[in-house]
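Working notes for the structure below.
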């Protein structure tokens, strides 16, 4: 009797697997006989224990192993006969029925969804473009000057953007203190968006020794859901304000960014322009990828295997846990995160990944060696020893696989954009870089 596969949903399947009791007994006897020839049992020389003693000692465990092997073989045969590729691992549980001839097991498993891809020409997708101006290069140089700023203490000096401020603060919600809401000495640079803008705005114009009390409402999407959307009262006292002094834009400043002989301001400007061109290219690709992804997800419906979503959720939690650990924080802080949000984002990424895989397969959009090399080569331009970086990267199978997946994504995005009804939108350098 061949097992019948029952479709529970678009991706969930169920089958009843049966193995005969006689097959189990035959295999069990073979295993026990082989075991009796080598096993050591107290009171007997190795391999000399009677078979009934071996069976009494090891029979239950060996029988379970035999059943697992036979059921596993039956399941593999079922998949091969039906040309099925499953997601993850099956859940196999014994079925409680009275049958002296067969043992029955229920196998629940998931398969990859059957995705119906539409005509891409029917999709309207926004494609973003951007160009770099001399002004953008100059703004980037100003940013580098701020990175190299020195700070000087001045009496009776009012804090403004770019200055370094040290303060102490106490925050309460409904009169009660909250985790992370107080510090006896906290330093930050105004305008670097290290703190919420309402907090930084309250500090602007204050001097050493000044005190202030103000209310601040945390955003609804704040990373700590215990305070998200709530209004806190903060009491602050300025300990110190240091004025930001920017270095002059000259050849001496340029030398701070390179050990190359003869490196000057003109070469720095060329280096900055080349660097931001690469960054703009990367950000445009990511923005256009998101644009394509959102349109595809809006127009293509299919069920996502729960096991893939669970694996992605766990992967994200592991990464967040490692990040917290590297920051010296307690992994228990993961409890403060919104699991629903992580689950929603994970499901979205899994759906997109399945779409990418399906479109790539149906249109032969796999990555070739030249594309992989070019991708790594572009990335290597950010490093001094580019050749060594490329060789190390391509010799690492895991890293190479990651690049291969990214190239495939780019191939699919380019393919979709080449066929879709595309509307171009030019965005400013500031918008693209998140500087507005």
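Numbering (full-length UniProt numbering), first residue to last: 1 to 436. Backbone N, C-alpha and C fix where the C-beta goes; we use that ideal spot for every residue, glycine too.
DSSP three-state assignment for residue 20, whether helix, strand or coil: strand
Of the listed residues 260, 264, 257, 432, nearest to residue 250 (C-alpha basis): 264
Check whether residue 303 and residue 349 have beta carbons under 8 angstroms apart: no
Chain-order list of residues whose beta-carbon lies under 8 angstroms from that of residue 382 (same chain, five-residue window excluded): 275, 278
Residue range of the alpha helix (DSSP H) that includes residue 201: 197-203
Endpoints, alpha helix (DSSP H) assigned at residue 427: Segment: none, residue 427 is in no alpha helix (DSSP H) and carries neither H nor E.
Under 8 angstroms between C-beta atoms of residue 205 and residue 149: no
Counterpart residues of residue 401 in DSSP-defined beta bridges: Answer by DSSP bridge pairing: none, since residue 401 is not bridged.
Contact the region 87-103 vs the region 227-247: 3+ CB pairs below 8 angstroms: no
Through-space distance from residue 228 to residue 221, alpha-carbon basis: 6 angstroms
Neighbourhood of residue 46 by C-beta, 6 angstroms cutoff - its chain only, sequence neighbours within 5 removed: 40
DSSP state of residue 66 mapped onto helix, strand, coil: helix
Spatial distance of residue 177 from residue 237 (CA atoms): 17 angstroms
Distance between residue 139 and residue 272 (C-alpha atoms, nearest Å): 10 angstroms
Exposure label - residue 135; buried when at least 16 CB within 10 Å: exposed
CA nearest to the CA of residue 156, picked from 117, 197, 207: 207
Residues that residue 124 bridges to, as DSSP identifies them: 421
Given 8 angstroms, three or more beta-carbon pairs between the region 341-355 and the region 285-298: yes
Local Cβ density within 10 Å of residue 4, reported as buried at 16 or more and exposed below that: exposed
Among 44, 66, 110, 346, the one whose alpha carbon lies nearest that of residue 8: 110
Boundaries (first-last residue) of the beta strand (DSSP E) holding residue 390: Where residue 390 is concerned, there is no enclosing beta strand (DSSP E), although the alpha helix (DSSP H) it sits in stretches over 386-395.
Spatial distance of residue 169 from residue 324 (CA atoms): 24 angstroms
Start-to-end residues for the alpha helix (DSSP H) that takes in residue 320: 306-326
Simplified DSSP assignment, three categories, for residue 57: helix
Anticipated Cβ contact below 8 angstroms, residue 78 with residue 15, distance rounded: 6 angstroms
Reduced DSSP secondary structure (H/G/I, E/B, other) of residue 248: coil
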